[in-house]
Structure formats: C-alpha cells, structure tokens
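Enquirer: Residue numbers (the working numbering): 29 to 205.
Just so it is clear, CB atoms sit at the ideal spot from N, CA and C, and this is done for glycine as well.
Below, the structure written as structure tokens:
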C-alpha cells in the first residue's frame, strides 16, 4: 500500500474575477460570473431552452502574467440557446463598456441585446487564449439596471465572464439606505 499527498494549487483562481482589459480610467461596476450559480442567481440569469447551456472550464495563460494560469468556467451556448441576465449598479446616462471573456474553440457569431434591442453583432475568431471582447454601452441607453441577452447565430460560444465598466470619473450610483 502507498499513500500520496497532493498539494492543491489554487493560484489560477486568484484573479479570475477581475477583467484584464480594463483601462486605467475605468471602474468595475458589475460582473457576471457565468456558470457560477450564486452569481447567476444574483443577476437573474436564465438559459433558454431551460436544460441547455452546459458548463465548460479552462485554465489558460493569464494575459497579465503569461507564466501563470487563469481558471474560468462558462456556459456553452450553441445556436438556438440564449443567455439572458440583469446588470446593475450603472450610473445612468454615462457611457460604459462590456467586456465578454471568451476563448473560442471555433469561429462564432452572436448578438448582444440591451433591453430588447440589438447592441452589437460580434464575430469571434478561434484562439486558445483568453480574450475580452469589448462592447460599447452608449450613454443614452444606460440606466441603473438593464437586461442583456446573448444570442449565438453560428458556431459554439462559451461565455465565461461579463464585466461592466464605466468611467472612474463618473459619480458612483447612490446606494439605497
């Protein structure tokens, strides 16, 4: 009989909840950790059809420190599967950006809808590295809370994280008493 001791390496989890593409003048307003059940519940995330959108996970090089790994898990969305969720904490009428963390295994095309209207149509090229695709949030369409919907058109999309950023100079939203 033999015994083996393993030492867990949790370091790939250390910064997975932080965007690596944020500009110095941006602040993180909200983040949806897709495939994290607590984050999904907090953002009223829904997958349609109900029993689709299974989970995938990866450890890829961290763009901030390429010799280190960065772990993230996400939902696999094929054409016909939609992801719908709420983002909050935005300063109204202030421009912002979404960063969608992906690592596409194949070409994919999808649309992002903001409050029921198309915000942007995105075409991704495959790459076995973390990418954060930026999508501009026009000031005139920004409210304290918004519904986002991601709709794949072709290819398989795995969405890992959605980060919501606004200008650091913008006054933060007043919190409720």
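1. Just to confirm, is the Cβ distance from residue 101 to residue 84 under 8 angstroms?
2. When the Cα atoms are used, what is the spatial distance from residue 61 to residue 190?
3. What's the call for residue 170, buried or exposed, on a 16-neighbour Cβ count within 10 Å?
4. Count Cβ pairs between the stretch 64-82 and the stretch 142-151 that sit closer than 8 angstroms; are there 3 or more?
5. Return yes when the Cβ of residue 172 is within less than 8 angstroms of the Cβ of residue 116, no when it is not.
6. Helix, strand or coil for residue 65, going by three-state DSSP, please let me know.
7. Across which residues does DSSP place residue 110 in a beta bridge pair?
8. Please work out which residues of its chain come closer than 8 angstroms, Cβ to Cβ, to residue 45, disregarding the five sequence neighbours upstream and downstream, and give them in chain order.
9. Would you kindly work out how many angstroms separate the C-alpha atoms of residue 128 and residue 155, rounded to a whole number?
10. On the three-state DSSP scale, how would you describe residue 35?
Expert: Taking the geometry as given:
1. Here residue 101 refers to the residue found at position 73 when the chain shown is read from its first residue. Here residue 84 refers to the residue found at position 56 when the chain shown is read from its first residue. Result yes, Cβ atoms of residue 101 and residue 84 sit closer than 8 angstroms.
2. Here the question's residue 61 lines up with position 33 in the chain shown. Here the question's residue 190 lines up with position 162 in the chain shown. A straight-line Cα-Cα distance of about 7 angstroms links residue 61 and residue 190.
3. Taking the first residue of the chain shown as 1, we reach residue 170 at position 142. So residue 170 ends up on the buried side.
4. Contact check between the stretch 64-82 and the stretch 142-151: fewer than three CB pairs, one atom from each, fall below 8 angstroms, which does not count as touching.
5. Position 88 of the chain shown, counting from 1, holds the residue named residue 116. Position 144 of the chain shown, counting from 1, holds the residue named residue 172. In contact: residue 116 and residue 172 (Cβ atoms closer than 8 angstroms).
6. Locating residue 65 in the chain shown gives position 37, counting from the first residue. Three-state DSSP puts residue 65 in a helix.
7. As a position in the chain shown, residue 110 is number 82, starting the count at 1. Here residue 110 is bridged, per DSSP, to 76.
8. On the chain shown, residue 45 is found 17 positions in, with the first residue counted as 1. So the list reads 59, 61, 189, once near-sequence residues are dropped.
9. As a first step, residue 128 must be located in the chain shown, where it is residue number 100. As a first step, residue 155 must be located in the chain shown, where it is residue number 127. Distance between the alpha carbons of residue 128 and residue 155: 15 angstroms.
10. Against the chain shown, residue 35 aligns to sequence position 7. Here residue 35 sits in coil by DSSP.
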